[in-house]
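Asks:
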Amino acid sequence: MNLFEFKRGWQILLLSLLGIAISINAVLLYGFGALVIPFEAAFGWDKGSQQVAITFLYGGAVIGLQAVGWVNLWLGIRTTTILSLLLMALGYLACTVVFNQSIWTLYLMFGILPIIGMGALAITWTQLIGLWFVQHRGLALAIGLSGTGMTAVVMPVLLGWCIEQWGWQAAFVLLAALNIGLIPLAWGWFNLPQQGEMAVTSPAVTDKTENGNDSVPPTHSTELPGINFKQGFRSRNYWACNLAIALVVSAVIGMITNIIPLLHSLGFSSAEAAKIFSVFGASLIIGRLLVGFFLDRYSPTIVAAASLTIPSIGCVLFLVGSDTVPVLMLAVALIGMGAGAEFDVAAYLMARFFGMKDYGRLMGFHQGLITVVSAAAPLMFAMLFAASGDYNSLLTYGVVATLVGGLVLLTLGRPPVFGTRLSAAATDGKSVSVSDNASSA
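Numbering (the working numbering), first residue to last: 22 to 462.
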């Protein structure tokens with residue numbers, strides 16, 4: 022295994038890992054549970070009404086995901102990211118004084134935060150990884166995106182401790198401090214690769230100024246290898262990716278919100294159900310790393326299709342009606358592995374099939390669609406349960422959706438090869454170049 026990319030880009034990878042770990046969708050999604058009771062005590066907001074804030078968070082994220090690619094073209098990706106980290110910190114601090122008896126102040130701030138912090142969403146960090154890592158892009162993305170798993174483990178405990186010590190405001194002061202603390206690292210480490218540093222690049226990437234100013238100028242962004250937004254948007258493969266991953270995400274998100282209630286219906290206590298579900302987080306990280314490792318070594322379409330059909334096996338294990346704890350833990354783990362693979366697969370396929378020229382806008386639109394699906398999936402599963410009265414219809418949908426999603430990915434074929442220039446270090450001192458037109462792999 023050639024570790025050249027990791028030796029050269031370890032700062033980029035660490036920065037991206039931390040950026041993804043403190044991205045708003047991660048910290049507020051996984052840490053929200055620690056805020057519910059304190060909010061109820063402070064403002065009288067009931068638990069059910071507070072859940073609507075997550076819908077506003079998703080809505081704001083959809084807007085931010087659509088806007089960030091365009092703002093990157095205007096300001097440059099580095100400037101946009103640093104500015105977003107600063108605005109996010111100010112937004113968190115504003116929450117400590119804006120919240121009042123009206124729950125709409127909660128909804129409003131949760132909707133605004135991902136918009137003003139658009140440059141610090143996970144899409145930016147995956148774009149940065151994609152620019153620095155090519156030979157080991159899958160594994161690098163998996164490592165960076167494991168930040169969400171870290172957040173799921175650490176953030177609820179950390180926020181709960183802060184709230185217990187100093188009140189609910191302390192949680193937002195902590196989140197602000199995390200964003201401010203990342204700014205110096207972003208200032209020093211956030212760079213696009215220059216000529217000879219990027220394993221696969223184009224002449225535009227060499228245009229970073231000698232005095233270390235911002236990344237590739239907007240006028241040169243279209244010279245990066247790949248196709249533009251309009252070409253990608255009209256591509257059949259782009260919509261095949263959108264459809265396949267949307268199907269899998271709808272099934273996985275729906276299962277995540279229903280596994281513990283399902284276990285209750287099988288006769289397990291809350292403590293027993295929580296213990297069974299506890300394997301989900303670890304399997305998410307393991308699945309993410311394994312899929313990233315295999316994406317770098319085998320056909321990306323086959324690996325992607327196989328990884329996204331894994332949850333179907335977990336759904337089948339639930340359908341057969343086993344009440345054995347090891348079997349049920351295996352079922353949860355398989356669903357968790359599929360959940361861990363989804364974002365890795367999306368980021369990898371977007372970079373491989375459409376290049377890095379317009380990655381921000383193409384991935385942003387894709388993630389906007391997936392965010393809408395994530396918000397809608399629990400509602401759809403609630404309707405399925407109301408209509409059937411049991412969980413079999415939900416599990417059947419999970420099997421069908423993940424299998425169909427995997428089959429759709431198999432129609433992508435082989436990824437194209439865009440204009441490239443291999444660095445001397447990566448090619449043992451031999452300069453290699455390819456034309457800027459895409460060709461069949």
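Every residue gets a Cβ at the ideal spot worked out from N, C-alpha and C, and that includes glycine.
Taking the straight line between their C-alpha atoms, what separation do you get for L36 and G140?
Replies: As a working note, residue 36 is residue 15 in the sequence shown. As a working note, residue 140 is residue 119 in the sequence shown. Taking the straight line joining both Cα atoms gives about 14 Å.
Asks: Going by C-alpha distance, which of R373, I164, L195 is nearest V16?
Replies: One cannot answer for residue 16 here, as it falls past the ends of the chain, which runs 22 to 462.
Asks: Relative to the C-alpha of F60, which residue among A367, S123, L431 is closest?
Replies: Here residue 60 corresponds to residue number 39 of the sequence shown, with the count starting at 1. Out of A367, S123, L431, S123 has the C-alpha closest to the C-alpha of F60.
Asks: Give me, in chain order, the residues of the same chain whose beta-carbon lies closer than 6 Å to that of A354; leave out the 5 immediate sequence neighbours on both sides.
Replies: Taking the first residue of the sequence shown as position 1, residue 354 is located at position 333. Contacts found: V300, S304.
Asks: Just how far apart, CA to CA, sit S409 and S271?
Replies: Here the question's residue 409 lines up with position 388 in the sequence shown. Here the question's residue 271 lines up with position 250 in the sequence shown. Looking at the two C-alpha atoms, the distance is approximately 18 Å.
Asks: If L86 and L34 are in contact, beta carbons under 8 Å, what's the gap, nearest whole angstrom?
Replies: Taking the first residue of the sequence shown as position 1, residue 86 is located at position 65. Taking the first residue of the sequence shown as position 1, residue 34 is located at position 13. Contact flag wrong, Cβ pair sits at about 22 Å.
Asks: By alpha-carbon positions, which one of G357, A265, C262 ends up nearest to R309?
Replies: What you label residue 309 is simply residue 288 of the sequence shown in a count that begins at 1. Among G357, A265, C262, the Cα nearest to that of R309 belongs to G357.
Asks: Considering A141, what are the terminal residues of the alpha helix (DSSP H) in which it resides?
Replies: The residue given as residue 141 occupies position 120 in the sequence shown. Careful: A141 lies outside any alpha helix (DSSP H) and carries neither H nor E.
Asks: Going by Cα to Cα distance, which pick from L203, L179, I204, I201 is closest to A192?
Replies: On the sequence shown, position 171 is the one that residue 192 refers to. Nearest option by C-alpha distance: L179.
Asks: When you compare the CB positions of A326 and L431, do they come within less than 7 Å of one another, or not?
Replies: For the purposes of this step, residue 326 is identified with residue 305 of the sequence shown, where counting begins at 1. For the purposes of this step, residue 431 is identified with residue 410 of the sequence shown, where counting begins at 1. The answer is yes: Cβ separation under 7 Å.
Asks: To the nearest angstrom, report how far apart P177 and Q72 are at their CA atoms.
Replies: Against the sequence shown, residue 177 aligns to sequence position 156. Against the sequence shown, residue 72 aligns to sequence position 51. Using only the alpha carbons, I get a separation of about 16 Å.
Asks: Alpha carbon to alpha carbon, how far is L111 from L400? Give it in angstroms, no decimals.
Replies: The residue you call residue 400 lines up with position 379 of the sequence shown. The residue you call residue 111 lines up with position 90 of the sequence shown. Distance between the alpha carbons of L400 and L111 is about 33 Å.
Asks: Select from A62, L338, I274, V429 the residue whose C-alpha is nearest the C-alpha of N121.
Replies: Translated into positions along the sequence shown, residue 121 becomes position 100. N121 has its Cα closest to that of A62, out of A62, L338, I274, V429.
Asks: Identify the residues that DSSP records as bridge partners of G376: which are they?
Replies: Position 355 of the sequence shown, counted from the start, is the residue given in the question as residue 376. According to DSSP, G376 bridges with G247.
Asks: For D317, is the classification buried or exposed, using 16 other Cβ atoms within 10 angstroms of its Cβ as the cut-off for buried?
Replies: For the purposes of this step, residue 317 is taken as the residue at position 296 of the sequence shown. Looking at its Cβ environment, which holds 16 or more other Cβ atoms inside 10 Å, D317 is buried.
Asks: Here's a check: name, in chain order, each residue in its chain whose Cβ is nearer than 6 Å to the Cβ of T101, leaving out the five neighbours to either side.
Replies: Indexing the sequence shown from 1 puts residue 101 at position 80. Closer than 6 Å at Cβ, skipping near neighbours: V92, N93, G140.
Asks: Per the contact definition of three or more C-beta pairs closer than 8 Å, is the segment 192-210 in contact with the segment 41-51?
Replies: They touch, by the three-pair rule.
Asks: Let me know if P214 comes out buried or exposed under the rule of 16 or more other beta-carbons within 10 Å of its beta-carbon.
Replies: Taking the sequence shown and counting its residues from 1, one reaches residue 214 at position 193. P214 should be labelled buried.
Asks: Count the other CB atoms, across all protein chains shown, that sit within 10 Å of the CB of P332; report buried if there are 16 or more and exposed otherwise.
Replies: Working through the sequence shown from its first residue, we reach residue 332 at position 311. Its Cβ being crowded by 16 or more others within 10 Å, P332 is buried.
Asks: Roughly how far, in whole angstroms, is the beta-carbon of V346 from the beta-carbon of I297, given that I think they are within contact range, below 8 Å?
Replies: Numbered from its first residue, the sequence shown carries residue 346 at position 325. Numbered from its first residue, the sequence shown carries residue 297 at position 276. That pair is a contact at about 6 Å.
Asks: Could you tell me whether any non-hydrogen atom of the ligand HEM is closer than 6 Å to the CB of V366?
Replies: You won't find the ligand HEM in this model; it holds no ligand whatsoever.
Asks: Between the segment 383-400 and the segment 152-167, do three or more beta carbon pairs fall short of 8 Å?
Replies: No, they do not touch.
Asks: Quick one: residues in its chain with C-beta nearer than 7 Å to the C-beta of Y369, no 5 flanking neighbours on either side, listed in chain order?
Replies: Numbered from its first residue, the sequence shown carries residue 369 at position 348. The answer, listed in chain order, is R158, G159, L162, L316, P321.
Asks: According to DSSP, is G342 helix, strand or coil?
Replies: Along the sequence shown, one-based indexing puts residue 342 at 321. Coil, per DSSP.
Asks: Throw me the rounded Cβ distance for the W426 and A265 pair, which I believe falls under 8 Å.
Replies: Locating residue 426 in the sequence shown gives position 405, counting from the first residue. Locating residue 265 in the sequence shown gives position 244, counting from the first residue. Per the sequence shown, residue 426 should be read as Gly rather than Trp. The Cβ separation is near 4 Å, so the contact holds.
Asks: At a Cβ threshold of 7 Å, is V73 touching chain B?
Replies: Of the chains in the structure shown, none is chain B; there is only one protein chain.
Asks: Report back the beta-carbon spacing between Q156 and E26 to the nearest angstrom; my notes put them in contact at under 8 Å.
Replies: Looking up residue 156 in the sequence shown gives position 135. Looking up residue 26 in the sequence shown gives position 5. Yes, they are in contact, since the Cβ atoms of Q156 and E26 sit about 6 Å apart, within 8 Å.
Asks: I need the straight-line Cα distance from F402 to P205, nearest angstrom please.
Replies: As a working note, residue 402 is residue 381 in the sequence shown. As a working note, residue 205 is residue 184 in the sequence shown. Straight-line Cα distance between these residues: approximately 44 Å.
Asks: Looking only at its chain, what residues have a beta carbon closer than 8 Å to the beta carbon of L106, apart from the 5 residues adjacent to it on each side?
Replies: Position 85 of the sequence shown, counted from the first residue, corresponds to residue 106. Correct list, in chain order: G138, G140, A141, N200, I201, L203, I204, A207.
Asks: Which residue from V421, Q388, R29, A422 puts its Cα closest to that of I144?
Replies: Translated into the one-based positions of the sequence shown, residue 144 becomes position 123. With distances taken between Cα atoms, I144 lies closest to Q388.
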